[in-house]
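Participant:
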Amino acid sequence: MNEVSLHFTGVALELSPNAEFKSQAPAARVSLRALTGKVTGLKRSLLQIFAVAVVLEMFAIVAPLFNQLVVDDVLTSGDRDLLAVLVIGFGLLLMVQTAIGLARSWMVMVLGQTLSLQWMGNVFAHLVRLPVGFFEKRHLGDITSRFGAVGAIQATLTTAAIEAVLDGLMAIAALVMMLVYAPTLCGVTVAAVAAYGFLRWAAYRPFRDAAAERLVVAAKESTHFLETLRAIAPLKLFGREEERRARWQNLIVDVQNRDVRTAKMSIWFSTANAFIFGLENLLVLWLGAKLIMTGQQNGAVTMTVGMLFAYLSYKAQFTGRVSALINYAVELKMLGLHAERLADIVLETPEKDEVSTNDLQHLAPSIELRGISFRYGEGEPWILRNANFRIEAGESVAVTGPSGAGKTTLLKIALGLLKPSEGEVLFGGIPVRHLGLQNFRRQVGTVMQEDALLTGSLSDNISFFDVQPDQARIQACAELAQLHGDICRMPMGYMTLVGDLGSGLSGGQKQRLLLARALYKMPRVLALDEATGHLDLQNERAVTAALSRMPLTRLIIAHRPETIAGAQRVVIVHEGHVKEVARAVPPFEEAEHG
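Here it is in structure tokens:
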């Protein structure tokens, strides 16, 4: 199994009854309200929790002595004053123990939530840096399921690890006290715990297999559910709701079947566990009672009733702590299952962009594709083969060809979304890999076929949630996209809310909104992939005229003759090859016979 490494920064913690987490724009930052100071980092926080927990465990070791003193000294002598002293003394200890326990739980909760936020933030930051191809090859539900493994790993490696160390120390202390009280009884208890450990080991593989199967089928169910919500309109139009519901029900039944399988194993395991420790408890009581009676008969007291009560308390602590330690060892081993799924994300190579931020305004906004070949994997057919063409600064070039010929793939390669198998992309005569992807993309505005709006207002979507939006520029871009009039007719104007799928907008309005968003970026290159396919002829002509007056280099993928006619040059993609024609009317016929 590949090793998975999760890195996180130092954590500054200060406990306060009013502590809470907030996310503040523009960068996501964690803050705790009412902070009075800062602790140096994660190690110090862990040491604080560990120190408090050790003190708490010391009280737990002393507590069983109360039972012994009450039974052996108070009940036998009838000393009411001693009883009052013991009750007051151990009552004070109980109050201190409760307060320390509360502090420990609070500290562990804050630490756990802080680490969870940081780990998930780091994994999410890595996720969004992955290339587009990663997301195109995976279902949404599967990615969500794999991302969720962060929580299980974080909980096991942080808060649960602290508990495990404390359980180990407490188990050793309880074992020492048990040996002091009754070595024979201790042997019975240790044997029962060993039997529990063997049972847990034997049940590990079936539990792991069941958990692995459940993760897979749950990811499928989640994907189906999300896709159903996104496709609710076509499902209704085609009358496929019932078939979709039946398919979802089959998937959820698969999930339930795995849950039932796990539940059955849990029932058998719990039953065997209860039998083992129930039998151990009977043997301890039987042997302990025999030791007490034998001592009373012989006059040599080896165990008193109070000692037996104290031993039972220590036994309960020992068996509980060792059982928890065994369970943690199993959880730690089970982490391999979550790590394997998370590795699909964290071990994926992100987009390489090692070039520092630079302004490319001094370069002419020309784009050249030189010797570009692309296929999705070894043995796969070539989508593009030795493609060459150049767009000069300020030029408008239309790319056309049959559906599925590779036009969108060509555009994604030009934008750096896909890495070519061979060849390179140049901007201003310099390879993009030398300029830096982020630097290059700042020069480009895009409207892609699969572009999506985000939940928010029209103004938010045009500025793409700019932290300091320029309202004048938002309106100017809407006017260029021929959308300003439509927005003014809406009740809330630019504050009108839209959903993530553009609900409430027509296809043409959505495309014009996406175009306004691309223009708000103030690009020097504008890449459009069927960006006017839903526009009526009048609006398309107005948009084309507005764009032609702007000093932009335009790369347009289109099928409509009206869109192609507005370009200065036409390039055809056909059977993986790219060639230029004088004028493509009709372009596909020329591609077929060329």
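Be aware that the sequence shown starts at 34, since it is given in this note's numbering, and climbs by one per residue. Quick reminder that beta carbons are idealized off the backbone N, C-alpha and C, glycines included.
1. Exposed or buried, His467, counting other C-beta atoms within 10 Å across all chains shown (16 or more means buried)?
2. Whose C-beta lies closer than 8 Å to the C-beta of Glu364 among residues of the same chain, with five residues either side of it excluded?
3. Would His395 be called buried (16 or more neighbouring beta carbons within 10 Å of its own) or exposed?
4. For Arg374, report the span of its alpha helix (DSSP H) as first-last.
5. Taking Val430 and Arg557 to be in contact with their CB atoms under 8 Å, please state how far apart those CB atoms are, rounded to whole angstroms.
6. For Ser490, name the three-state secondary structure that DSSP assigns.
7. Once you ignore the five residues that flank Lys554 on each side, which residues in its own chain have a CB closer than 6 Å to its CB?
8. In terms of alpha-carbon separation, which member of Gly410, Gln471 and Leu459 lies closest to Arg403?
9. Residues in its own chain within less than 8 Å of Leu268 by CB, not counting five upstream and five downstream?
10. How about Ile446 and Leu163: do their beta carbons lie closer than 9 Å?
11. Does DSSP put Asn419 in a helix, in a strand, or in coil?
12. To the nearest angstrom, report how far apart Gln282 and Val288 are at their CA atoms.
13. For Ala300, count neighbouring C-beta atoms within 10 Å of its own C-beta (all shown protein chains included) and say buried if the count is 16 or more, exposed if not.
14. Residues in its own chain within less than 6 Å of Ala514 by CB, not counting five upstream and five downstream?
15. Measure the Cβ-Cβ separation of Asp386 and Leu516 and say whether it is below 9 Å.
16. For the putative contact between Asp175 and Ala252, defined by C-beta atoms under 8 Å, what is the C-beta separation to the nearest angstrom?
17. By how many angstroms is the C-alpha of Thr390 removed from the C-alpha of Asn494?
18. Since Thr352 and Val226 should fall inside the 8 Å C-beta cutoff, what is the C-beta to C-beta distance between them, to a whole number of angstroms?
19. How about Tyr361 and Glu196: are their beta carbons less than 9 Å apart?
20. When we look at the beta-carbon of Ser56 and count the other beta-carbons within 10 Å, is it buried (16 or more) or exposed?
21. When you compare the CB positions of Asn419 and Glu455, do they come within less than 9 Å of one another, or not?
22. List, from N- to C-terminal side, the beta strand (DSSP E) runs of 3 residues or more that fit wholly inside the stretch 388 to 416.
23. Which residue wins for smallest C-alpha separation from Leu552, given the options Leu320, Phe497, Met153 and Trp234?
24. Verify whether the separation of the beta carbon atoms of Glu401 and Ile416 is less than 9 Å.
25. Along the alpha helix (DSSP H) that carries Phe271, what are the first and last residues, could you check?
26. Can you look up Leu68 in the DSSP assignment and give me helix, strand or coil?
27. Taking 9 Å as the threshold (C-beta atoms), are Ala243 and Arg171 in contact?
28. If you drop the 5 nearest sequence neighbours on each side, which residues of the same chain put their C-beta closer than 6 Å to that of Leu559?
29. With DSSP collapsed to three states, give me the class of Thr433.
30. Between which two residues does the alpha helix (DSSP H) carrying Phe497 extend?
31. For Thr217 versus Leu370, is the C-beta distance shorter than 9 Å?
32. Fully enclosed by the stretch 445 to 492, which alpha helix (DSSP H) runs are 4 residues long or longer?
33. Distance, Cα to Cα, Glu384 vs Glu483?
34. Quick one: what's got a C-beta closer than 6 Å to Arg294's C-beta in the same chain, skipping five residues either side?
35. Quick check: what's the CA-CA separation for Gly122 versus Leu212?
36. The beta strand (DSSP E) with Gly588 in it runs from where to where?
Facilitator: The relevant details are as follows:
1. His467 sits exposed, since fewer than 16 C-beta atoms from the chains shown fall within 10 Å of its C-beta.
2. Short of 8 Å from the beta carbon of Glu364, and not among the five residues preceding or following it, lie these beta carbons of its own chain, in chain order: Thr189 and Ala193.
3. Under this definition His395 is an exposed residue.
4. Element bounds for Arg374: Val338 to Val379.
5. By a beta-carbon distance limit of 8 Å, Val430 does not contact Arg557. Their separation comes to about 15 Å.
6. Three-state DSSP puts Ser490 in a strand.
7. Answer for Lys554: Gly478, listed in chain order.
8. Considering only Gly410, Gln471 and Leu459, the residue with the shortest C-alpha distance to Arg403 is Leu459.
9. Excluding its 5 nearest sequence neighbours in each direction, Leu268 has C-beta neighbours in its own chain below 8 Å: Thr261, Glu274 and Arg277, listed in chain order.
10. Contact: no.
11. In the structure shown, Asn419 falls within a strand segment according to DSSP collapsed to helix, strand and coil.
12. Distance between the alpha carbons of Gln282 and Val288 is about 10 Å.
13. For clarity, residue 300 is Ile in the given sequence; the question names Ala instead. Ile300 comes out exposed.
14. Cβ within range, chain order: Arg545, Leu548 and Ala549.
15. In this structure, Leu516 does not lie closer than 9 Å to Asp386 by Cβ.
16. Taking C-beta atoms under 8 Å as the contact rule, Asp175 and Ala252 qualify, at a distance of about 4 Å.
17. So the alpha carbons of these two residues sit roughly 25 Å apart.
18. Contact between Thr352 and Val226 holds, with the beta-carbon distance rounding to 6 Å and staying under 8 Å.
19. Yes, the pair counts as a contact, with Cβ atoms nearer than the cut-off.
20. Residue placement at Ser56 cannot be trusted, given a pLDDT of 43 that sits under 50; the coordinates are not used to answer.
21. Yes, they are a contact pair.
22. Runs of the beta strand (DSSP E) inside the stretch 388 to 416: 400 to 407.
23. The shortest C-alpha separation from Leu552 is found at Phe497.
24. Against a cut-off of 9 Å, the Cβ pair of Ile416 and Glu401 comes out as no contact.
25. Element bounds for Phe271: n/a, residue is neither H nor E.
26. Low confidence applies here, because Leu68 scores a pLDDT of 30, under 50, leaving its location unreliable; read the following figure in that light. Three-state result, Leu68: coil.
27. At least 9 Å separates the beta-carbon of Arg171 from that of Ala243.
28. Around Leu559, the same chain offers Gly478, Leu585 and Arg587 as residues with beta carbons nearer than 6 Å, after the five sequence neighbours per side are excluded.
29. Here Thr433 sits in strand by DSSP.
30. Per DSSP, Phe497 is not a residue of any alpha helix (DSSP H), being assigned neither H nor E.
31. Contact: no.
32. Within the stretch 445 to 492, the complete alpha helix (DSSP H) runs of at least 4 residues are 465 to 468 and 470 to 474.
33. Distance between the alpha carbons of Glu384 and Glu483: 20 Å.
34. Its chain contains Ala243 as the residues whose beta carbon lies nearer than 6 Å to that of Arg294, once the 5 sequence neighbours on both sides are disregarded; these appear in chain order.
35. Each residue's alpha carbon lies about 27 Å from the other.
36. The residue asked about is misnamed: residue 588 is Leu in this sequence, not Gly. Annotation for Leu588: the continuous beta strand (DSSP E) segment containing it runs Thr586 to Ile590.
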